[in-house]
Structure formats: structure tokens, C-alpha cells
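Student: In my numbering, the protein residues as written are 3 to 359.
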């Protein structure tokens, strides 16, 4: 075991979490001493953003000029966009240019442009900070919005990769007109303007090619106007270079995140119960487009102020101490429990209310 901590079974949840935090922070400081470049946090954040944006623009230009296959451009840009998601998350926690508002807000705007499928990052800041306060509860609107706590089925499958579809299904489920208006107003506010343009173009893309496919099956064709074909040419390019990559990235991130967070029956403030480490080999195709989120994000709940690249470097040490302290690893039963924790006999915390499961 790390350090001089007492036997885990003799510690309460807060003491276990504090020990994890101590070990992970110590590892981060050790890495900074060994590699002094890691101390230049602002420069590293700006450099990673420049790399990601250059990668997205470069692969788009290679595709448009015929030097790169569409599928390769889409996969590359999904990966580069996943870097900008990690940067946005760090920016929300004020890890880059904390006291310099101009470069800080410029970075916020650029990571939003790289991921137009997402909500306004300045609005997301309030949702995400609230997520840390009330993780796993009904008040955790950020995780609930990406289907955490939903039973698996067709509705969740549609909702997990499509932000607007998620809002639409919740709108249909709302039982009062006041609730429906509230959902609609909130959706328009948080997704204006980029996500509304992104998802609107995505539906046009699906509708256009779907209509052509149906017509082809019926042995006919649709006589589209020249202006429609010109518009679709632009949308088709956008689908490869920015829309498709973000649809893929969104599905991968939301699938992993919504299933590694627990919901509904965890103790308030018990960080040990908030997340699991979700890193089986068969999730790697998804992890590749959300920057190993299932393996590394749980660490963030214990050590909030470490940037994502430090968090990745601390994974081996962090996983070891997290396992020692009782954090769950690869609890696949969560897929069938709608992300409930479902405590076993003798586990820390209150008994599960059967009505919640």
C-alpha cells in the first residue's frame, strides 16, 4: 500500500478519498520535478489546442484536396476534437490562464468551435461545477442530460449520441406544458447557435441521403434542384471534416461517461461511490475518441485541479491506490442497473432502496 495509510477496511469513505487524493497529488508533483516542462501549464494548454486545431484543419484540407480518404479524415478529426474536449474541461476548472481573461476566453471559444455539437462552454461551467457538488443525484443535470441513470433501451441509445434527440425525447416525456416549455427554452439557450446549426445540418445530411437511398431501392431517383445539390455539397464536406467527427466523439464520450458515473443511490459527497474505472479492452475503440475517459476521469473526482495530461500520466499509480481504497473497476452490471450503485451486503453506505433500482 502507498504511504503510511492504515488498513482500508478501518477507514471511512472520506479518509479513503483523502488517501487517494494524497497519493495522486504526490505522483503529480513527482512528475513535475522529473519533467520540468509540465510546470508550464498555460503554455502546454495553448500548445495542445494549437496542435489539435492544426490537426483538424490539416486533415480537412488533405481530404478536400483528395489526399486523404473521408473515413480517415473523420477518425482523425474525432481524435483531435477529443483533445479539445479535455481542454474545455480543464478550462472550466480554470486551469489555463486563470488570471488572464482574454487568452482564457479565447481558448474557450476555440474549443467550442472545434466541437460545435456541444453546449455553450460558459454555460457548461455552471453545470459541471454543480456536477461535482451533487454527482450521482437527480440534481446532477450534466450527467442526466447524457443519459446517466436511464434504463438501457432504444430511447437511451438514441439519446446518448445526439444532444438534440436527448432533449426532444425528454420533451415528449414531460407531463405538463410548463415542463415542456422549460425544456424547450433551456435547450434553445444552451445549444444556440453552434449546436443548433451542427445538429440541423446533420439531420439534413441524413434526410437527403436517406431519401436518395429509398428512391434507389424503389428504382427511381429524385430530381433535386441545383441550389439543393450545391448546398448538399457543402454539407457533405462538413459531415466528413467537422459534423461526423463530433457525432462519433459525442457518442463515445457520452456512452463511457454516462456508464462510469453512478446514479440514484449513492451517499451524498461520497467520492468513492461516484465513479468507477471503466477500461476493458473492448471499450478501446470508444476510449480512442474520448481520450481514455473511462480509465482516467475517475481520478479527476478525487484530484480536481490536475490538467488532463497529468491525469493520464498518473493513471498507473492512481489505479493502484483507487483499487486499494475500494473504487470499483469494470462493474459491467451497471449497464443492467441503469447506473445504480446497488451496494453489496456490508459495503459502505446506506442500504439500497429497492424502488430506486
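Glycine included, every Cβ here is placed at the ideal spot set by N, Cα and C.
Strictly by DSSP, which residues pair up with residue 1?
Tutor: Not covered by the structure: residue 1. The range shown for the chain is 3 to 359.
Student: Tell me residue 331's beta-bridge partners as DSSP assigns them.
Tutor: 279
Student: Three-state secondary structure (DSSP) at residue 13?
Tutor: coil
Student: Note down the Cα distance separating residue 187 from residue 169, rounded to an integer number of angstroms.
Tutor: 11 Å
Student: Using CA atoms only, rank isn't needed, just tell me which of 300, 57 and 70 is closest to residue 84.
Tutor: Comparing alpha carbon positions, the residue from 300, 57 and 70 closest to residue 84 is 57.
Student: Beta-carbon separation of residue 113 and residue 51 under 8 Å?
Tutor: Yes.
Student: My understanding is that residue 165 touches residue 203, with C-beta atoms under 8 Å, so please give their C-beta distance in whole angstroms.
Tutor: Actually they do not touch by this definition, with Cβ atoms about 14 Å apart.
Student: Can you tell me where the alpha helix (DSSP H) holding residue 314 begins and where it ends?
Tutor: 310 to 315
Student: Smallest Cα separation from residue 291: which of 279, 255, 38 and 122?
Tutor: Comparing alpha carbon positions, the residue from 279, 255, 38 and 122 closest to residue 291 is 255.
Student: Using alpha carbons as the reference points, say which of 336, 20 and 343 lies closest to residue 258.
Tutor: 336
Student: Does residue 123 come out as helix, strand or coil in the three-state DSSP assignment?
Tutor: In the structure shown, the three-state DSSP call for residue 123 is helix.
Student: Chain C beta carbons: is any one of them nearer than 8 Å to that of residue 128?
Tutor: You won't find chain C in this structure, because it holds only one protein chain.
Student: Rank 147, 310, 120 and 328 by C-alpha distance to the C-alpha of residue 44 and give the top, closest one.
Tutor: Looking at the Cα atoms, 310 is the closest of the given residues.
Student: With 16 other CB atoms within 10 Å as the buried threshold, where does residue 30 fall?
Tutor: When all chains shown are included, residue 30 counts as buried.
Student: Taking the alpha-carbon positions, what's the residue 274 to residue 316 distance?
Tutor: Taking the straight line joining both Cα atoms gives about 18 Å.
Student: Can you grab the Cα-Cα spacing for the pair residue 329 / residue 18, in whole Å?
Tutor: 9 Å
Student: Looking at the secondary structure, which residues open and close the alpha helix (DSSP H) in which residue 292 lies?
Tutor: Here residue 292 belongs to no alpha helix (DSSP H), and DSSP marks it neither H nor E.
Student: Taking the alpha carbon of residue 245 as the point to measure from, which residue in 23, 79, 65 and 66 has its own alpha carbon closest?
Tutor: 79
Student: Quick check on the DSSP output: the alpha helix (DSSP H) that includes residue 193 runs from which residue to which?
Tutor: 179 to 193
Student: Hey, how far is the Cα of residue 342 from the Cα of residue 13?
Tutor: The straight-line gap from Cα to Cα measures roughly 24 Å.
Student: With the cut-off set at 8 Å, would you say residue 216 and residue 25 are in Cβ contact?
Tutor: no
Student: Terminal residues of the continuous alpha helix (DSSP H) containing residue 43?
Tutor: Where residue 43 is concerned, the enclosing alpha helix (DSSP H) stretches over 43 to 66.
Student: Confirm, please, whether the CB-CB distance from residue 143 to residue 150 is below 8 Å.
Tutor: Remark: C-beta atoms of residue 150 and residue 143 do not approach each other more closely than 8 Å.
Student: In three-state DSSP terms, what is residue 402?
Tutor: Summary: the structure shown does not reach residue 402, with the chain confined to residues 3 through 359, and so no result is reported for it.
Student: Please confirm whether residue 261 and residue 119 have their CB atoms less than 8 Å apart.
Tutor: Going by C-beta atoms, residue 261 is not nearer than 8 Å to residue 119.
Student: Cα separation between residue 36 and residue 42?
Tutor: 13 Å
Student: Rounded to a whole number of angstroms, what is the C-alpha to C-alpha distance between residue 76 and residue 240?
Tutor: 10 Å
Student: Counting C-beta neighbours from all protein chains within 10 Å, is the total for residue 320 16 or more, i.e. buried, or is it exposed?
Tutor: buried
Student: According to DSSP, is residue 118 helix, strand or coil?
Tutor: coil
Student: In the structure shown, what three-state DSSP assignment does residue 324 receive?
Tutor: helix
Student: On a CA-only basis, which of 333, 234 and 265 is nearest residue 282? Give me that one, please.
Tutor: Per the Cα distances, 333.
Student: Could you spell out the range, first to last residue, of the alpha helix (DSSP H) harbouring residue 1?
Tutor: Absent from the model: residue 1. The displayed extent of the chain is 3 to 359, so no value can be given.
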